[in-house]
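Residue numbers (our numbering), protein chains in the order written: chain F, 103 to 446; chain G, 103 to 446; chain L, 103 to 446.
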């Protein structure tokens with residue numbers, strides 16, 4: 103799958119400015135401390151400058167030339183972005199042959215777009231549509247009246263329940279579940295009565311959802327994941343949740359029903375949100391935090407702890423927690439002192 | 103899929119008493135602030151009274167008439183239950199055609215009940231039985247000697263390992279796993295020796311299990327989920343756990359091996375229980391809590407925190423956590439004061 | 103599936119020394135309080151001595167004879183290990199017939215070893231190899247150029263992405279995902295740009311991975327799980343993580359990208375590790391803990407809390423947390439006393 107090109111050609115294709123000779127041929131990408139001749143590496147931050155000086159890489163993607171390094175530099179304003187483009191050039195994503203496997207089960211009313219791939223053991227329900235160029239890997243299940251956009255990659259064993267809508271260029275990793283029933287039950291004296299979950303799920307363009315994550319359908323209405331939002335593995339999104347654009351949610355986080363999460367929010371791993379909250383645009387939630395109430399960016403942009411508090415407050419608090427036994431002893435001493443003084 | 107009926111007919115079918123004209127035709131359900139003419143909505147609690155007064159819904163399911171609202175009222179002692187019944191009327195669950203797909207793989211010794219559906223790419227093992235009216239959606243795997251009751255809905259990609267028993271009217275969401283091996287290993291000087299997990303799993307009637315949840319089989323004996331218990335997505339239930347009836351477990355909670363969880367227990371999202379605990383009937387465990395010991399309802403009905411403490415104690419404690427730095431400063435001041443006074 | 107043998111024969115086959123008559127025939131294993139005549143049970147620790155005395159089991163696997171018990175003893179230096187061997191004898195794991203199902207989809211270039219089983223609806227990609235005696239249960243998806251060793255058990259719906267390597271005698275439980283993309287994106291002014299994840303995953307010999315766990319492929323290079331490591335259900339392992347040998351990770355734990363976890367580490371349920379950490383050999387991490395920094399065994403072998411602190415410190419701290427309101431009151435009293443004394 104690897105390609106080869108000169109450094110000059112690479113620079114041109116990733117829109118980088120070249121500093122140094124451009125005629126060496128490169129064939130791949132490697133980490134800074136492993137890259138050898140014919141390979142390109144990447145300097146994200148100042149801390150790798152020392153590594154750059156001893157690197158044997160032929161080319162280095164960087165924000166600026168690092169004096170003392172022998173490699174040719176490929177200078178980019180956003181080197182991480184340029185690096186991503188370079189990886190894509192050397193490792194274009196695999197595309198299976200287009201067409202419908204004779205081992206798939208496609209309802210006759212389903213519409214499959216031009217150049218789409220429907221692999222073995224894929225099941226597609228009545229009235230579903232699959233956009234042009236979209237790849238359904240083996241074992242994907244697409245429910246009735248599902249609409250999937252163009253140029254998506256739907257990895258094996260993904261399940262999309264009836265009536266769900268998926269945008270263009272969406273990536274769904276293996277085992278992800280879209281449109282399972284929200285968790286809603288009416289208590290009765292003889293047990294719980296299920297509230298039928300008759301809403302749906304809408305996934306925006308350019309969304310990526312991680313392996314074995316679950317996105318519940320709305321009770322009524324819609325659960326929505328906004329354009330460009332990226333969700334990691336094993337994340338739970340409850341019914342009627344609305345998530346904005348370009349939000350990032352790390353692994354094992356959980357968002358309870360009816361939350362409204364803004365744009366460009368960052369949610370740490372294993373974080374948990376109670377139901378019906380509003381989280382302002384741009385807020386960052388620390389790993390493992392627990393959010394019981396809505397959060398305003400004007401109060402704090404970064405939040406941590408269970409329950410959450412502004413991150414700076416949390417940092418000061420947790421450094422003191424291990425000293426709590428000492429504090430109790432100090433207060434006991436003070437009480438004894440006060441008592442003995444009172445006795446004087 | 104939507105049906106239509108008069109308000110009078112709807113009231114009769116959900117056992118509600120009608121207050122106002124009953125001849126308007128309604129065709130669906132919507133949230134209180136979105137419902138329009140020809141739709142029905144629902145008032146659960148007093149806080150929606152204002153919304154009720156401006157709602158354009160033709161009918162409102164409620165516990166009592168709300169003065170000032172223009173809609174016809176459908177009065178029910180348990181309005182949430184009546185609402186669930188109304189949703190069911192307007193959105194009866196989809197039933198695929200009964201019968202066995204010629205793209206399924208059913209062992210000749212397996213017994214499939216009348217009216218059951220076995221979809222494409224379903225695999226059913228030797229000696230398994232599937233009850234009447236049960237639906238196996240595409241890609242379900244049913245192991246050897248599994249017994250599944252009547253009128254179940256088993257969503258795509260659910261895996262039921264050998265020898266597991268599932269009751270009647272059970273709902274298993276996509277990707278749920280029943281009967282995977284419990285986590286048991288004997289340490290040896292050269293590594294871990296697997297303890298074969300040779301028990302099984304029993305799922306009671308009317309249980310619902312969420313997407314991608316995992317229920318381990320017992321080491322010996324049985325892991326049991328009692329009648330009517332509802333489990334959300336991505337929940338882990340360890341080997342030999344016994345859960346009572348009508349218990350509710352929110353998403354991403356984890357219950358370690360050999361726990362005994364009572365009836366009508368409520369477990370919050372991302373909560374975790376250590377192994378071998380007993381949790382009394384009716385106990386409520388807060389989201390993200392960590393339970394290291396057995397809990398008695400006589401000590402507290404509601405528990406929160408890591409490790410858990412009675413919820414009231416926890417509430418008082420967490421409001422003080424952000425003030426811990428201030429407390430350390432106050433104690434330092436007192437010490438200085440005491441010291442200087444001692445010097446006097 | 104159960105076998106029968108005399109106690110003497112059982113003792114010989116599990117390398118135990120027999121104390122008492124060896125001619126009784128036993129047919130199975132049961133817990134100490136349920137075992138009856140013809141069954142064998144197991145005493146792990148002293149606390150079950152009382153149960154042993156009233157047990158009706160014909161044989162007891164134990165470290166030493168328990169005076170007062172009527173059963174024949176099977177004495178082993180590592181009774182838990184001997185017990186595991188006995189369970190295996192009575193319940194040898196089920197082996198489906200070897201061969202390739204005509205309902206599987208195997209690429210013509212894939213190589214399937216002698217005695218391997220490829221079940222219905224299994225998909226095997228171009229250039230993949232499956233070792234001798236390995237069982238692929240229904241619905242497993244094996245990507246292109248995947249290498250799977252000998253004598254593995256790959257349970258239903260497991261997904262192995264392209265280029266992943268799996269050792270010998272590996273057990274992968276249902277729904278586990280190996281090689282999904284790591285979570286890496288370059289921020290740009292118009293949203294996130296995906297960093298292609300072009301590394302792979304290597305799973306060592308004798309590893310077991312639980313149901314619905316997810317192991318991400320490396321960005322570049324490799325995500326590696328060392329020989330003999332055991333991972334429970336719903337665990338997340340991020341890209342470029344390196345885990346040593348004989349490490350144990352309980353359910354719902356999460357390990358962020360680029361962590362290096364040592365050998366014989368034990369990670370509790372729902373624990374979480376931030377990215378790029380190093381965890382020394384032999385360290386134990388408590389359930390639900392949060393690890394923000396690398397941990398040295400020389401500082402503490404056991405860690406708990408969010409963020410983690412040495413376990414002993416944490417234990418002392420958490421017993422005081424519920425007394426925090428009282429401490430605030432005590433300090434207020436002291437301040438009043440000091441103030442009033444100052445007024446004297």
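No residue lacks a Cβ here, since even glycine has one placed at the ideal position from N, Cα and C. In this text the structure is predicted, and so the values were computed from the model without any measurement.
Under DSSP, residue 164 of chain G forms a beta bridge with G/177.
Along the stretch 306-336 of chain G, going in chain order, the ones with a CB nearer than 8 Å to a CB of chain F are 308, 310, 312, 313, 314, 329, 330, 332, 334, 335, 336. Taking a Cβ-Cβ cut-off of 7 Å, residue 211 of chain L has no neighbours in chain G, whose nearest Cβ is about 24 Å from it. Taken atom to atom, the span from the alpha-carbon of residue 309 of chain G to that of residue 212 of chain G is near 23 Å. In the structure shown, residue 184 of chain L adopts helical secondary structure according to DSSP, grouped into three states.
Given a length threshold of 4 residues, each whole run of the alpha helix (DSSP H) inside the stretch 171-259 of chain G is given here in chain order: 181-192. Taking 7 Å as the CB threshold, residue 170 of chain G stays off the interface with chain L.
Residues of the stretch 411-428 of chain G with a C-beta less than 7 Å from any C-beta of chain F: 420, 423, 424, 426, 427, listed in chain order. In this structure, L/307 is the residue among L/307, L/390, L/108, L/313 with its C-alpha nearest to the C-alpha of residue 345 of chain L.
Near chain L, meaning a CB-to-CB distance below 8 Å, the residues of the stretch 235-254 of chain F are 239, 240, 241. Under the 7 Å criterion on CB atoms, residue 436 of chain L is classed as interfacial with respect to chain G.
Inter-segment contact for the stretch 265-283 of chain G and the stretch 308-328 of chain G is present: three or more beta-carbon pairs are separated by less than 8 Å. Between the stretch 429-441 of chain G and the stretch 142-156 of chain L there are fewer than three C-beta pairs closer than 8 Å, too few to call the two in contact. In the displayed model, residue 136 of chain G falls within coil according to three-state DSSP, outside both helix and strand.
Using a CB distance cut-off of 7 Å, residue 409 of chain F counts as an interface residue toward chain G. Residues of the stretch 367-399 of chain G with a C-beta atom less than 7 Å from some C-beta of chain F are 371, 372, 389, 390, listed in chain order.
Contact annotation: in the stretch 284-298 of chain G, residues whose CB is within less than 7 Å of a CB in chain L are 285, 287, 288, 290, 293, 294, 295, 296, 297, 298.
Remark: three or more beta-carbon pairs, one from each stretch, lie closer than 8 Å, so the stretch 172-179 of chain F and the stretch 120-134 of chain F are flagged as touching. For residue 440 of chain L, the neighbours in chain G by C-beta distance under 7 Å run, in chain order, 436, 439.
For residue 432 of chain L, at least one C-beta of chain F is nearer than 7 Å to its own C-beta. For residue 125 of chain G, there are no C-beta contacts with chain L under 9 Å, since the nearest C-beta of that chain is about 52 Å from it. Cβ proximity to chain F below 8 Å picks out nothing from the stretch 149-167 of chain G. A contact is defined here as three or more CB-CB pairs under 8 Å, and the stretch 369-381 of chain G fails this definition with respect to the stretch 413-432 of chain G. Each of F/225, F/132, F/202, F/264 was checked against the Cα of residue 195 of chain G, and the nearest Cα belongs to F/264.
Taking one beta carbon from each stretch, the stretch 316-327 of chain L and the stretch 343-359 of chain L have 3 or more pairs nearer than 8 Å; the two touch. Sequence-distant partners of residue 387 of chain F (beyond 5 residues in either direction) whose C-beta falls short of 6 Å from its own C-beta, in its chain, are 369, 370, 373, 405. Counting along the chain, residue 366 of chain L sits inside no alpha helix (DSSP H), nor does DSSP assign it H or E at all. Inter-residue distance for residue 433 of chain G and residue 442 of chain F is about 18 Å (C-alpha atoms, whole angstroms). C-alpha of residue 385 of chain G to C-alpha of residue 351 of chain G: approximately 12 Å in a straight line.
In terms of Cβ geometry, residue 207 of chain G and residue 225 of chain G form a close pair [threshold 7 Å]. Across the structure, residue 299 of chain L and residue 283 of chain L are spaced so that their CA atoms are roughly 6 Å apart. Residue L/257 holds the alpha-carbon nearest to the alpha-carbon of residue 280 of chain L among L/257, L/295, L/292.
Taken in chain order, the members of the stretch 267-279 of chain G whose beta-carbon sits within less than 8 Å of a beta-carbon on chain L are 277, 279. Within the DSSP bridge table, the entry for residue 141 of chain F names F/130 as partners. Within the same chain, and ignoring the five residues on either side of residue 285 of chain L in sequence, the residues whose Cβ sits closer than 8 Å to its Cβ are 318, 340, 341, 359. About 7 Å separates the CB atoms of residue 254 of chain G and residue 233 of chain G; that is less than 8 Å, so the two are in contact.
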